[in-house]
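J.: Here it is: the structure, laid out below.
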Amino acid sequence: MDEASAPLRGVATLKTRTANPGTMHGAGRWWVLAAVTIGLLLFLAPFVLAFFNAIKTPDDYAAHGPLAIPQSFDLSALTAFWTNVDFTRKLINSTIISAATAVFAVLLSLLNAYAIGIGRIKGGSKILILLLIGIMIPQESLVYPIYYLSKSVGLFDSLWAVIIVFSVLQSAFGTYLLASVMTTFPREIIEAAEMDGATNWQILWTIVVPVLRPTLSVLATFFFIWTWNEFLLPLVLLASNNNQTVSVSMGVLNGQYVSTPTTTAAAALLGIAPTLIFFLIFQRTLTRGVVVGAIK
Amino acid sequence: MANSIERARGQAGYWLYLIPGAIGFVLIIFLPFIMNTGLSFSRWKGIGLPKFVGLNNYIKLINDAAFWASLEHTVAFVVAMAVIPTILGVFLAAILFDYISARFGEGLSSFFRAGFYLPQILPISAAGILWGWILNPFGVLNSILEGVGLHDLAQNWLGDPRLAIGAVMVVMVWLQLGYCLVVFMAGLARVDPSLNEAAELDGATWLQRFWTITVPLLKPEIFVVGLTTTIAALKVFAPIYVLTSGGPDNSTLVPSYFSYYHFFATNRVGYGAAITTAQMLMTIVLGIIFLRVQAHQTENGA
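So the sequence lines, in the order shown, correspond to chains A and B. The UniProt record's numbering applies: residue 1 is where the first sequence begins, and numbers increase by one. The UniProt record's numbering applies: residue 1 is where the second sequence begins, and numbers increase by one.
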């Protein structure tokens with residue numbers, strides 16, 4: 001509080017000669033609103049353009065250019081791209097990988113954090129430092145050995161390889177977050193349950209998990225989207241077309257599927273659409289939870 | 001006595017919970033990390049046995065102009081992913097908080113916040129397709145420029161070695177702004193509203209309040225955002241892979257793409273490993289500075 005009021009004192013002594021600051025804001029606020037609105041429209045223009053051009057005929061595009069509002073309505077670019085890259089398959093792969101990773105990573109984080117945060121095991125803080133270093137190691141430093149190991153254990157080009165790798169990588173962050181939440185968990189509740197003869201395992205599932213459920217679901221949402229968007233490791237580990245994710249399929253788009261501007265727009269639109277839908281559903285969770293995820 | 005035995009038994013019980021996590025950590029992070037570090041001292045094509053060559057790869061690396069170019073471009077990405085989005089983000093957060101939220105309601109400012117955050121949740125590869133479509137020689141941007149009669153300004157944005165890095169930087173600012181904005185707006189929620197009201201009554205202009213109240217108050221957030229985005233800038237890969245493949249003429253080459261290229265295109269695995277090790281050392285040094293300064297800050301704050 002003391003610190004917070006220090007700048008105020010600085011301002012208070014400025015005492016500039018002003019007539020009435022209120023009136024200026026009365027008119028000025030509309031200019032600010034207009035400026036921010038124009039800024040946002042320009043910022044989001046790429047999405048709108050992709051949408052407009054994905055539903056045009058190539059002739060319409062050629063005649064009126066990319067900025068014109070569609071004069072025609074044609075889904076053939078979208079359907080052509082969808083069938084050419086077998087987009088259904090990509091969606092299924094991405095969903096399986098992201099959902100399984102979210103579940104496993106939350107479970108791993110929960111178990112680790114329970115031992116460190118509630119169990120207060122010796123060396124817990126050292127484990128956290130180790131995990132933090134693990135988080136900071138760039139994936140590039142792990143990618144070749146992981147590629148090599150996955151080949152030698154027969155998991156190369158399997159969805160499982162990606163699920164296992166990301167469950168562990170995401171759980172490093174999840175453990176770090178959940179452990180700090182669990183250290184603030186009221187001890188009396190745990191001790192009371194221990195008095196009643198509850199085992200560690202029972203305490204975890206009947207007391208800790210129900211209390212932490214909101215945090216766990218935010219964490220799972222983040223793991224899902226982070227995994228959905230991951231690029232380098234799935235690119236390396238999933239070689240065959242049939243196993244690729246949405247994100248990887250966008251990166252390796254072959255020229256033949258995006259030879260015209262309208263099919264490229266369609267490709268971009270389809271790549272964006274799934275996460276756009278998650279965003280609309282989880283908007284609040286994501287924009288609030290990002291503060292929690294700031295360390296990542 | 002009985003109590004302490006009980007305690008010990010309880011502690012041992014908790015250790016069991018670490019087993020799955022520990023196995024995962026060893027197999028997916030620790031072992032690959034040790035292997036990669038070892039490989040950086042070897043010559044290896046990915047088959048047979050690696051041949052120990054000492055510091056050879058590192059010596060080659062220091063004399064490789066492409067490596068130094070990739071570091072130079074990393075600085076450009078720190079500017080595009082950390083410096084510019086942080087500055088823009090603080091400014092925009094303050095405008096949304098002081099004007100839009102205070103005078104038009106919180107709903108509208110949340111709407112703007114969500115809008116600017118949108119690029120953050122896209123697969124970067126999909127964002128890359130979108131921007132490739134806009135920036136290619138026959139793309140949207142050039143159509144606009146030609147449409148308004150500025151034919152001379154139309155360029156091969158991603159294909160010209162002088163322009164490509166700038167074009168990719170613009171895309172990165174677009175991707176990163178939302179993250180900075182959201183963190184700063186959450187930070188602004190801590191501000192005591194009476195602080196701003198008092199300053200306003202005293203006749204301080206918005207800019208004066210911005211510099212004397214908003215920026216000092218957001219210091220912890222600016223610090224965290226600055227460092228996390230800097231670390232992200234050191235590992236940028238997907239935008240380069242999708243937009244330019246490091247080209248033209250290595251003009252957008254970055255360490256991550258450089259190592260990927262040697263791992264999987266030239267099969268010079270040892271050399272690729274040396275690149276990633278150098279890259280990782282830079283990241284860890286940054287991370288240690290981050291933790292030190294943060295610890296120092298919280299100590300002073302308490």
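Glycine included, each C-beta is placed from N, C-alpha and C at the ideal position. Here the structure is a predicted model, which is why all the values come from computation and not from measurement.
Could you check whether the Cβ of B/Asn36 sits closer than 8 Å to any Cβ belonging to chain A?
T.: It does: the Cβ of B/Asn36 has a partner Cβ on chain A nearer than 8 Å.
J.: Along the alpha helix (DSSP H) that carries A/Asn93, what are the first and last residues, could you check?
T.: Phe87 to Ala113 is the extent of the alpha helix (DSSP H) around A/Asn93.
J.: Using a cut-off of 7 Å between C-beta atoms, extract the partners of B/Thr74 located in chain A.
T.: Within 7 Å Cβ-Cβ: nothing; B/Thr74 doesn't reach chain A, min ~12 Å.
J.: Should the stretch 131-151 of chain A be called in touch with the stretch 228-237 of chain A, which here means at least 3 C-beta pairs below 8 Å?
T.: Yes, they touch.
J.: At the 8 Å Cβ level, is B/Phe210 part of the contact set with chain A, yes or no?
T.: Not an interface residue.
J.: Can you give me the C-alpha to C-alpha distance between A/Thr285 and B/Thr86, rounded to a whole angstrom?
T.: Whole-angstrom Cα-Cα distance: 22 Å.
J.: Just the C-alpha distance for A/Asp74 and B/Leu145, rounded to the nearest angstrom, thanks.
T.: Rounded to whole angstroms, A/Asp74 to B/Leu145 spans 27 Å at the Cα level.
J.: Taking CB distances under 8 Å as the criterion, tell me whether A/Asn243 reaches chain B.
T.: So, not an interface residue.
J.: Check each candidate in B/Asp152, B/Ala164, B/Leu195 and B/Gln208 and name the one with the smallest Cα separation from B/Asn250.
T.: Per the Cα distances, B/Ala164.
J.: At least one CB of chain A closer than 8 Å to the CB of B/Ala126: is that the case?
T.: It does: the Cβ of B/Ala126 has a partner Cβ on chain A nearer than 8 Å.
J.: Spell out the partners DSSP gives B/Arg190 in its beta bridges.
T.: None; B/Arg190 has no bridge partner.
J.: Using only CA atoms, which one of B/Trp133, B/Gly178 and B/Ala22 lies nearest to A/Leu40?
T.: Closest option to A/Leu40, Cα to Cα, is B/Gly178.
J.: Going by DSSP, what residues sit across from B/Phe52 in a beta bridge?
T.: Partner(s): B/Ser42.
J.: Give the interface partners of A/Tyr114 over in chain B, defined as CB-CB distance under 8 Å, in chain order.
T.: In chain order: Tyr14 and Tyr17.
J.: Apply the 10 Å Cβ neighbour rule to A/Arg213 and answer buried if 16 or more other Cβ atoms are within range, or exposed otherwise.
T.: So A/Arg213 ends up on the exposed side.
J.: If you reduce the DSSP assignment to three classes, tell me which class B/Thr252 lands in.
T.: It is coil, neither helix nor strand.
J.: Let me know if A/Leu178 comes out buried or exposed under the rule of 16 or more other beta-carbons within 10 Å of its beta-carbon.
T.: Looking at its Cβ environment, which holds 16 or more other Cβ atoms inside 10 Å, A/Leu178 is buried.
J.: Which class does A/Ile146 belong to by DSSP, given the choice of helix, strand or coil?
T.: A/Ile146 falls in the helix class under three-state DSSP.
J.: Which value, in whole angstroms, describes the spacing of the CA atoms of B/Tyr17 and A/Val168?
T.: Approximately 15 Å between the Cα atoms of the pair.
J.: Among the candidates B/Ile62, B/Ser42 and B/Gly149, whose CA atom is the shortest distance from the CA of B/Gly54?
T.: Nearest of B/Ile62, B/Ser42 and B/Gly149 to B/Gly54, Cα basis: B/Ser42.
J.: Apart from the five residues on each side of it in sequence, which residues of its chain come closer than 7 Å, Cβ to Cβ, to A/Val248?
T.: Counting only Cβ-Cβ distances below 7 Å, and skipping sequence neighbours, we find Phe231, Pro234, Leu235 and Leu238.
J.: What is the residue span of the alpha helix (DSSP H) that B/Tyr99 lies within?
T.: Segment: none, B/Tyr99 is in no alpha helix (DSSP H) and carries neither H nor E.
J.: How would you call B/Ala265, buried or exposed, if buried means at least 16 neighbouring beta carbons within 10 angstroms?
T.: Counting Cβ neighbours within 10 Å, B/Ala265 comes out exposed, since fewer than 16 surround it.
J.: Would you report the Cα separation of B/Pro50 and B/Asp64, rounded to the nearest angstrom?
T.: About 22 Å.
J.: Looking at A/Leu142: is its Cβ nearer than 8 Å to the Cβ of B/Pro32?
T.: A contact, by the Cβ cut-off of 8 Å.
J.: Quick one, which of B/Ala204, B/Val26 and B/Ala278 has its alpha-carbon nearest A/Gly134's?
T.: Among B/Ala204, B/Val26 and B/Ala278, the Cα nearest to that of A/Gly134 is on B/Val26.
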